[in-house]
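Counting in this note's numbering, the sequence shown runs from 322 upward without gaps. Written below as structure tokens is the structure these notes are about.
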Amino acid sequence: MSAKAGDLLASTTFPFMYDLQGCGAEFYGQVEFPPDPLMESTPRLPEPCASEVFGLYLSFYRAINDGGAEVLSPATNAAYKLMTTEVSTDTLAKYQLHLMLNDDNFLNGESECYNVCDKVASFETKWPAMTADFRLKCLPPK
């Protein structure tokens with residue numbers, strides 16, 4: 322096993338894989354599908370938390386202000402236009418199954434990292450849709 326693969330194993334959240342390596346178990350490789358963006362230029366909330374945070378924020382904003390009120394985007398200009406890839410669970414599952422069933426073509430005892438997407442989007446396209454759900458008008462960041 323290469324040092325690169327060993328470093329990856331030591332840094333993953335799967336300690337049992339690393340323990341198996343110490344017992345002489347053979348390492349066949351690992352495929353990873355990390356969330357996007359891979360190289361972040363701005364801080365970002367984890368996806369499950371983001372929907373709750375924005376949902377609460379917009380519902381409170383709507384309760385305090387009347388419907389149709391303008392709400393400023395919480396993102397910076399750079400984050401507002403940052404393009405990210407979005408993937409459905411169906412597409413992600415299909416790619417994961419394909420790679421696992423055809424691992425001889427993809428894994429050569431090393432770990433691989435893939436990024437799969439259905440479409441590319443930015444917060445600039447998401448913010449108007451989110452605010453419209455609460456009958457609010459969106460404003461871009463200042």
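Ideal Cβ placement from N, Cα and C applies to all residues, glycine included.
The Cβ neighbour count for Ala453, taken over all protein chains shown within 10 Å, is under 16; the residue is labelled exposed.
Within a 10 Å sphere around the beta-carbon of Leu457 sit 16 or more other beta-carbons, which makes this residue buried. Short of 8 Å from the beta carbon of Gly389, and not among the five residues preceding or following it, lie these beta carbons of its own chain, in chain order: Arg456, Leu457, Lys458.
Buried is the label assigned to Phe444, since at least 16 other Cβ atoms lie within 10 Å of its Cβ.
Cβ contact annotation for Ser380 (same chain, cutoff 8 Å, sequence separation greater than five): Phe455, in chain order. Along the length of the stretch 374 to 433, whole alpha helix (DSSP H) runs at least 4 residues long occupy 398 to 402, 410 to 422, 424 to 427, reported in chain order.
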